[in-house]
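**Student:** Okay, here's the structure, questions in a sec.
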Amino acid sequence: MIFDVALQLAPTGGGNSLLSNLMNLVIFGMIFASFFFGQQIQSRIAILQLDGAVRKLEFIRSDAKALALRTIKAIGKPKDDPSPALSGLLEQFFISPVDMDPAGIVGKLDHLLDVRDLKFKADVKKIAPEATDAQANNLENLVEASWALNLLYKVVRHFYLLGKKTSSFYIILQLQMLLPLIMQEAEAYAGAAKAFALGQPVGDGAGALVASRLMRDHEKREVDKDVMVAETTIEGRRVMALKAKGPGGNVGKPGDAIRTLIEENAGKVTMVVMVDAALKFEGEKTGEITEGIGAAIGGVGTERFKIEAEATKYKIPVYAVIVKESIQEAITPMKKEIAEAANGVIQRIKTLIQENTKEGDLVIVAGIGNTVGIAQ
Amino acid sequence: MEAKRSGMYSYLMVIFSIVILAWAVWAMYNAFNFQQQGNTENFYFYAAASSIAIVLAVSSIMQMRRRMLLLQTLAVKVLSIILCANCGFKVVRAFTEGDFVYKEVGNCQQCNGTMRIDSIYAEEPPKKTRS
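Listed in order, the protein sequences are those of chains A and B. Reminder that position 70 of the first sequence reads as 86 in my numbering, one-by-one numbering, no gaps. Reminder that position 112 of the second sequence reads as 128 in my numbering, one-by-one numbering, no gaps.
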């Protein structure tokens, strides 16, 4: 329509028609606008993009909450409506201990984490009374994934609204720059929620899978809270393999378990081998196995601290064997490459044991990670 | 079901974008013809319309491509690998709720030994190789 009017206005032929003058004017206007209002235009575009992302995050969060609610109702068979209690759980928070005087902070943090864990477990059990221990653990992990999504949504919405309210280009820009990573994380949590609802092993369980292979068909006992251990032999060496108690979603407290095992054997442990999933760099292959020195364990650091302290006390070397994967792969259903890496890791452990110990020595192999969907 | 509907929508959008792209190419061809004939007004009209259509169609196709890649990752199949401890007879089936590694799932069809789930993993649909 506009063009029709413009064409009627324009004289035929030649390059100096009214239309071409108008076009030139528009182009100059655009250059002028981009000089003086470029930042505002960019902000508007970013806000539109952020608006879409906030809506998507809200959808993912609601979806995960609905999944948690459905699973709680199906497994836990609660008598009352679990929605208000679940909403309360999703709003829980954790206050880290004060670190102005760092002496003894690990103990304080460990204690607070224990309290949080116990409270979370008790709350989940309350809203899902019919769930077995394994199912309650899976539900706990599912609620935690929903909690993480809820927090992610609230943080992103906070900065989005703050940026809009203050018209701060830099708040909007920072959020826009981080958006691809945030959305990736949100999608990974959504995948994790589904995996926990169904009880499927996740990529983080690579270490637990290796330990379970070593523990298979051997007598098991609970060495510490939620950690199982079994004794086996590799190349004439006594090997104590441990992992979190499965098949429910659980990470246990491997630091406490390793300390207990070392104390039980009066420090006569020749080597500790820790197996865990570790983050790969972009471009690295999923399921690649590498070796290193030190305690391979994630989390806030309390478990690593205990292992390092105990190993130092008895001068026990700590080796790490890791299976590389991305953060998304760590919390979504275990990929074939990661599952198949388990046998390769066992071969590496055998080589490590042969090279660094002699027959009759005692070695601890700790399979670290979430053991959802993996028994022992 | 939802993934199927979403996939259908993506394909329709791609087809629509290809139609727009084809029209844009035709419009661009016309624009060049008009320029050679000295018809500046029509040249401007077709060149501008064609450029806008190309940008919109290409951006729409790129967006749908990303969406389809995402849908492919969502279509990951989780499998339970069941092994006989005695004879090594292997059964691969889709994961069902309640499955876990080392769960006993009955007796072997070949030797009547105990069948256990040996591993559970997600398998991505085979990637298309470019020839």
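No residue lacks a Cβ here, since even glycine has one placed at the ideal position from N, Cα and C.
#1: What residues of chain A sit near B/S26, judged by a beta carbon separation below 9 Å?
#2: Buried or exposed for A/L25, going by 16 or more other Cβ atoms inside 10 Å?
#3: Does A/E146 get closer than 7 Å to chain B when you measure Cβ to Cβ?
#4: Considering Cα atoms alone, identify which of A/G123, A/P333, A/K340 is closest to A/V379.
#5: Quick check on DSSP: helix, strand or coil for A/I332?
#6: In terms of residue numbering, what span does the alpha helix (DSSP H) encompassing A/G223 cover?
#7: For the segment 222 to 235 of chain A, list every residue whose C-beta sits within 8 Å of some C-beta in chain B, in sequence order.
#8: Can you tell me where the alpha helix (DSSP H) with A/T182 in it begins and where it stops?
#9: Helix, strand or coil for B/A101? Go by DSSP, reduced to three states.
#10: In terms of residue numbering, what span does the beta strand (DSSP E) encompassing B/Y137 cover?
#11: In terms of DSSP beta bridges, what is A/I305 paired with?
#12: Hey, A/P349 and A/Q216: beta-carbon distance below 7 Å or not?
#13: Below 7 Å CB to CB, which residues in the same chain sit around A/R132 once its five sequence neighbours on both sides are set aside?
#14: Within 10 Å of its beta-carbon, does A/Q363 have 16 or more other beta-carbons around it, so buried, or fewer, so exposed?
#15: Label A/G219 either buried or exposed according to how many other C-beta atoms from any shown protein chain fall within 10 Å of its C-beta, with 16 as the threshold for buried.
#16: In chain order, what residues of the same chain have a beta carbon less than 8 Å from the beta carbon of A/G29, not counting five sequence neighbours either side?
#17: Report the rounded CA-to-CA distance for A/L194 versus B/R109, giving the unit in angstroms.
#18: Quick one: what's got a C-beta closer than 6 Å to A/K168's C-beta in the same chain, skipping five residues either side?
#19: Pick out whichever of A/V114, A/I63, A/G310, A/K72 has its Cα sitting closest to the Cα of A/K180.
#20: Can the beta-carbon of B/I97 be found closer than 7 Å to that of B/V117?
#21: Can you find a CB in chain B that lies within less than 7 Å of the CB of A/G389?
#22: List the residues of chain B whose Cβ lies closer than 9 Å to the Cβ of A/Q200, in chain order.
#23: Using the beta-carbon of each residue, which ones in chain A are nearer than 7 Å to B/E120?
#24: Using a Cβ-Cβ distance under 7 Å, would A/A355 count as near chain C?
**Tutor:** Let me lay it out:
#1: Within 9 Å Cβ-Cβ: nothing; B/S26 doesn't reach chain A, min ~16 Å.
#2: At A/L25 the pLDDT is 49, less than 50, meaning the model places this residue with poor confidence; the figure from the coordinates comes in the next sentence. Flag for A/L25 reads exposed.
#3: Judged by the 7 Å Cβ criterion, A/E146 is not in contact with chain B.
#4: The residue with the shortest Cα to Cα distance from A/V379 is A/P333.
#5: Coil at A/I332, not helix or strand.
#6: Where A/G223 is concerned, the enclosing alpha helix (DSSP H) stretches over 222 to 231.
#7: For the segment 222 to 235 of chain A, which is checked against every Cβ of chain B, the residues closer than 8 Å are L225, S228, R232.
#8: Where A/T182 is concerned, the enclosing alpha helix (DSSP H) stretches over 149 to 182.
#9: If DSSP states are grouped into helix, strand and coil, B/A101 belongs with coil.
#10: 130 to 139 is the span of the beta strand (DSSP E), which, as asked, contains B/Y137.
#11: Residue pairing by DSSP puts A/I305 in a beta bridge opposite A/V339.
#12: Closer than 7 Å, so yes.
#13: Same-chain partners within the cutoff: F110.
#14: An exposed status is given to A/Q363, since fewer than 16 other beta-carbon atoms sit within 10 Å of its beta-carbon.
#15: A/G219 is buried by the Cβ-count criterion.
#16: Interpretation of A/G29 is limited by its pLDDT of 47, a score under 50 that renders its predicted location unreliable; the figure taken from the coordinates is listed afterwards. Result list for A/G29: empty, nothing under 8 Å.
#17: Taking the straight line joining both Cα atoms gives about 40 Å.
#18: For the record, residue 168 of chain A in the displayed sequence is Leu; it is not Lys. Only A202 meet the Cβ criterion.
#19: Considering only alpha carbons, the answer is A/I63.
#20: No. Outside cutoff.
#21: Interface annotation, A/G389: in contact with chain B, CB-CB separation under 7 Å.
#22: The contacting residues do not exist; A/Q200 stays about 11 Å from chain B at best.
#23: Under the 7 Å cutoff, chain A gives no residues; its nearest Cβ is about 10 Å from B/E120.
#24: Among the protein chains of the structure shown, namely A and B, there is no chain C.
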